[in-house]
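J.: Let me begin by handing over the structure; questions about it come next.
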């Protein structure tokens, strides 16, 4: 896909990259989010998932607006229970083990203490919170909550693993990495290790804090237990730890899939937004298969029977044009956004969920050059190009726009400032343009450097006017400047364009392309074959682009009784059930409560021979469902 400025709204709370399919992290939208995770310059390249939305403060569980109407089909609400401190956005993922459910405590509303809520579900009709496992101050838990039984030479018991992300780096001792907690007695948990993970290179929070982790998954193979970590600070890395001794876990392997398995790259999507987001591991035909959700890199399978020597099995590509959008008459390119996936019971299918918090893609065109489309990404905390906001005007080159640089010339009130990357943060550049005045938007072009030039990236940037990022080749074309990619990669010079030079006219507008949806693949080797896609009816209807909450799928849990049944947490779209029939995904069940829902996590479990599904509502707590359809 030509990375046409796909709306980078910030899941990724989790950070959610949504332009050109990249997830952007926790942008500050009013009081509904926290700052995006990025480096000091403001480059976003990880999986802190986007959780705020196109309408980040839409109401849930309150009134008749801001959500879809209630519905119930072939689904029984067996039981439900709130967390002891319910506030909007407080709950994240859910895990179930034996007779207990574990719900992640996110960072809402204001970096409130994160951790894990513990629920007794031995009677699914009467679930009740019995405890809370605190994360470190300034840290919170999101996507990775799981419990397994571990039996190694060093440890025997039930082990809870959870991720750690940081919302307050100034807290006394925030944790990154993962934490390992003995929950053999869930009413009396014992912390065995906190904040362990990858410490090299030094992370954003200093030498004593592990890289923050977006998700994690644990498994045992023979006499060794392992955990795989989604590293936010080295976004491409798949980190694997030996946790056989959970008091002394050890990092044993790191894999950058873009470098080590380049066959996963899709030419029309590139690797700028190809990074690790989520994962499961399952023993299939005697081998340990890792199913990785790698955002624009697609869904990737590795053989990790020997975790220190992982080998490629298969990966997916995104069909172009977008097949689900095409069914609704929308001829658009795919966004990527491989978010989470699972194997079916018999391992012949993979069902995968693409998360997309922006129902718009952005078309950026050079009007002067015959309306030629160019590739761009949007900044995180600047006004987003949407149905109400566009960026149209003549370009003006204003230099690097850093403190101490030549002043940005005043615009005429209709122009677009083009800024060169380098030296200072993106937010500083936008601030300089805003201080000069007279510009309707900012376009930052890449700099001369080995990892710059025509490459795209995603900016964590604050401002009051729209901000885009483009390749250096695109920026040079605006001003008719000669460009050489090879020389650019080897160079370090500033652009040979005079400050104040006017260039081409650009036009940037939003086009509706729908919310995130579901893929069905035939499991196999090489390139996975896509059989079908599925979305709720409202997902590709422009009437539901705003005002109804997030209508993207989030997670899938495959039935452990039936090979053809899948359960979905669909944020404001509620709880959904689909059946695989004739190579297609067909919705057979649904539930949205009075006042709406906002489901993040979903997991199956059994009780007295019956299959139930636990789902975590971000604004409430725990729901327990049973599918009653055929």
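In mature numbering (1 follows the signal peptide of the UniProt record, and there is no 0), the protein residues as written are -25 to -1, 1 to 605.
The beta carbon of each residue, even a glycine, is placed where N, CA and C say it ideally should be.
Since the model is a prediction, treat every value here as computed from it, not as a measurement.
Residue 393 to residue 374, Cα distance in whole Å?
T.: Taking the first residue of the chain shown as 1, we reach residue 393 at position 418. Taking the first residue of the chain shown as 1, we reach residue 374 at position 399. Taking the straight line from one Cα to the other gives about 8 angstroms.
J.: Which residues mark the beginning and the end of the alpha helix (DSSP H) in which residue 408 is found?
T.: To locate residue 408, count along the chain shown from 1; it is residue 433. From DSSP, the alpha helix (DSSP H) with residue 408 extends over 401 to 411.
J.: Let's see if you can read the secondary structure: which residues bound the beta strand (DSSP E) around residue 530?
T.: To locate residue 530, count along the chain shown from 1; it is residue 555. Counting along the chain, the beta strand (DSSP E) containing residue 530 begins and ends at 530 to 533.
J.: Can you grab the Cα-Cα spacing for the pair residue 294 / residue 350, in whole Å?
T.: Taking the chain shown and counting its residues from 1, the one referred to as residue 294 is at position 319. Taking the chain shown and counting its residues from 1, the one referred to as residue 350 is at position 375. Residue 294 and residue 350: Cα-Cα distance of roughly 19 angstroms.
J.: Looking only at its own chain, which residues have a Cβ that is under 6 angstroms from the Cβ of residue 390, when we skip the five neighbours before and after it?
T.: Locating residue 390 in the chain shown gives position 415, counting from the first residue. Excluding positions up to five away in sequence, the list reads 368, 369, 371, 414.
J.: How many angstroms separate the CA atom of residue 260 from the CA atom of residue 279?
T.: The residue given as residue 260 occupies position 285 in the chain shown. The residue given as residue 279 occupies position 304 in the chain shown. Going from the Cα of residue 260 to the Cα of residue 279 covers about 13 angstroms.
J.: Which stretch, first to last residue, makes up the beta strand (DSSP E) that contains residue 90?
T.: Within the chain shown, the letter at position 115 stands for residue 90. Residue 90 -> beta strand (DSSP E) spans 90 to 95.
J.: What did DSSP end up calling residue 286 once you bin it into helix, strand or coil?
T.: Translated into the one-based positions of the chain shown, residue 286 becomes position 311. Looking at residue 286 - three-state DSSP - the assignment turns out to be strand.
J.: Based on Cα-Cα distance, which residue from 543, 290, 57 lies nearest to residue 233?
T.: Taking the first residue of the chain shown as position 1, residue 233 is located at position 258. Closest option to residue 233, Cα to Cα, is 290.
J.: Taking residue 192 and residue 275 to be in contact with their CB atoms under 8 angstroms, please state how far apart those CB atoms are, rounded to whole angstroms.
T.: Counting from 1 along the chain shown, the entry for residue 192 is found at position 217. Counting from 1 along the chain shown, the entry for residue 275 is found at position 300. Their Cβ separation, rounded to whole angstroms, is 14 angstroms, which puts residue 192 and residue 275 out of contact at 8 angstroms.
J.: Measuring CA to CA, which of 144, 402, 388, 465 is closest to residue 427?
T.: What you label residue 427 is simply residue 452 of the chain shown in a count that begins at 1. Among 144, 402, 388, 465, the Cα nearest to that of residue 427 belongs to 465.
J.: On the premise that residue 600 lies in contact with residue 52, defined as a C-beta separation below 8 angstroms, what is that separation, rounded to the nearest angstrom?
T.: Residue mapping note: residue 52 aligns to position 77 of the chain shown, counting from 1. Residue mapping note: residue 600 aligns to position 625 of the chain shown, counting from 1. Correct: roughly 6 angstroms between the Cβ atoms.
J.: For residue 229 and residue 214, which I take to be in contact (beta-carbon distance under 8 angstroms), what is that distance rounded to the nearest angstrom?
T.: Taking the chain shown and counting its residues from 1, the one referred to as residue 229 is at position 254. Taking the chain shown and counting its residues from 1, the one referred to as residue 214 is at position 239. Residue 229 to residue 214, Cβ: 5 angstroms. Contact.
J.: Which residue marks the beginning of the alpha helix (DSSP H) containing residue 232, and which one marks its end?
T.: Numbered from its first residue, the chain shown carries residue 232 at position 257. Residues 232 to 235.
J.: Straight-line CA distance for residue 67 to residue 580?
T.: Taking the first residue of the chain shown as position 1, residue 67 is located at position 92. Taking the first residue of the chain shown as position 1, residue 580 is located at position 605. The straight-line gap from Cα to Cα measures roughly 18 angstroms.
J.: Is DSSP giving residue 617 helix, strand or coil here?
T.: No information on residue 617 is available, as it lies outside the stretch -25 to 605 that the chain covers here.
J.: Taking just the CA atoms, how far does residue 115 sit from residue 564?
T.: Here residue 564 refers to the residue found at position 589 of the chain shown. Here residue 115 refers to the residue found at position 140 of the chain shown. Going from the Cα of residue 564 to the Cα of residue 115 covers about 33 angstroms.
J.: Considering residue 594, what are the terminal residues of the beta strand (DSSP E) in which it resides?
T.: Numbered from 1 along the chain shown, position 619 holds the residue referred to as residue 594. No beta strand (DSSP E) contains residue 594, which DSSP labels as neither H nor E.
J.: Where does residue 388 land, buried or exposed, given buried means 16+ other C-beta within 10 angstroms?
T.: The residue labelled residue 388 in the question sits at position 413 within the chain shown. Exposed, because fewer than 16 other Cβ atoms sit within 10 Å of the Cβ of residue 388.
J.: Residue range of the beta strand (DSSP E) that residue 192 falls in?
T.: One-based indexing of the chain shown puts residue 192 at position 217. First-last of the beta strand (DSSP E) with residue 192: 188 to 196.
J.: Assuming residue 16 and residue 400 make a contact with CB atoms under 8 angstroms, what is their CB distance in whole Å?
T.: Taking the first residue of the chain shown as position 1, residue 16 is located at position 41. Taking the first residue of the chain shown as position 1, residue 400 is located at position 425. About 6 angstroms separates the two Cβ atoms, so the contact holds.
J.: Three or more C-beta pairs closer than 8 angstroms, one from the stretch 452 to 466 and one from the stretch 492 to 511: is that the case here?
T.: No, because fewer than three Cβ pairs between the stretch 452 to 466 and the stretch 492 to 511 fall closer than 8 angstroms, the two stretches do not touch.
J.: In chain order, what residues of the same chain have a beta carbon less than 7 angstroms from the beta carbon of residue 527, not counting five sequence neighbours either side?
T.: The residue you call residue 527 lines up with position 552 of the chain shown. The answer, listed in chain order, is 330, 331, 332, 490, 491, 546.
J.: Expressed to the nearest angstrom, what Euclidean distance is found between the alpha-carbon atoms of residue 497 and residue 299?
T.: As a first step, residue 497 must be located in the chain shown, where it is residue number 522. As a first step, residue 299 must be located in the chain shown, where it is residue number 324. In a straight line, the C-alpha of residue 497 is about 17 angstroms away from that of residue 299.
J.: What is the DSSP secondary structure of residue 511, reduced to helix, strand or coil?
T.: Numbered from 1 along the chain shown, position 536 holds the residue referred to as residue 511. Coil, per DSSP.
J.: Just how far apart, CA to CA, sit residue 247 and residue 432?
T.: Residue numbering aside, residue 247 sits at position 272 when the chain shown is read from its first letter. Residue numbering aside, residue 432 sits at position 457 when the chain shown is read from its first letter. Roughly 6 angstroms between the two C-alpha positions.
J.: Give a yes or no on whether the C-beta atoms belonging to residue 325 and residue 503 are separated by under 9 angstroms.
T.: Along the chain shown, one-based indexing puts residue 325 at 350. Along the chain shown, one-based indexing puts residue 503 at 528. Yes. Within cutoff.
J.: Below 8 angstroms on the Cβ atoms is my contact criterion, and I expect residue 150 with residue 111 to pass it. Report the Cβ-Cβ distance as a whole number of Å.
T.: Within the chain shown, residue 150 is the residue found at index 175, counting from 1. Within the chain shown, residue 111 is the residue found at index 136, counting from 1. Contact flag correct, Cβ pair sits at about 4 angstroms.
J.: For the beta strand (DSSP E) containing residue 562, name the first residue and the last one.
T.: As a first step, residue 562 must be located in the chain shown, where it is residue number 587. Taken as a continuous stretch (DSSP letters only), the beta strand (DSSP E) holding residue 562 covers 559 to 567.
J.: With DSSP collapsed to three states, give me the class of residue 603.
T.: For the purposes of this step, residue 603 is taken as residue 628 along the chain shown, with counting starting at 1. In this structure, residue 603 counts as coil in the three-state DSSP scheme.
J.: Should residue 549 go down as buried or exposed, given a rule of 16 or more other Cβ atoms within 10 Å for buried?
T.: Here residue 549 refers to the residue found at position 574 of the chain shown. With 16 or more Cβ atoms within 10 Å of its Cβ, residue 549 is classed as buried.
J.: Helix, strand or coil for residue 550, going by three-state DSSP, please let me know.
T.: For the purposes of this step, residue 550 is taken as residue 575 along the chain shown, with counting starting at 1. Strand, per DSSP.
J.: Kindly provide the ranges of any alpha helix (DSSP H) runs that are 4 or more residues long and lie completely inside the stretch 404 to 454, ordered along the chain.
T.: Counting whole runs of 4 or more residues, the stretch 404 to 454 contains the alpha helix (DSSP H) stretches 447 to 453.
J.: Beta-carbon separation of residue 608 and residue 386 under 9 angstroms?
T.: The structure shown does not extend to residue 608, since the chain spans only -25 to 605, so no value can be given for it.
J.: Just the C-alpha distance for residue 162 and residue 105, rounded to the nearest angstrom, thanks.
T.: To locate residue 162, count along the chain shown from 1; it is residue 187. To locate residue 105, count along the chain shown from 1; it is residue 130. Taking the straight line joining both Cα atoms gives about 7 angstroms.
J.: Do residue 480 and residue 343 have their C-beta atoms within less than 9 angstroms of each other?
T.: As a first step, residue 480 must be located in the chain shown, where it is residue number 505. As a first step, residue 343 must be located in the chain shown, where it is residue number 368. It is a contact, given that the beta carbons lie within the stated cut-off.
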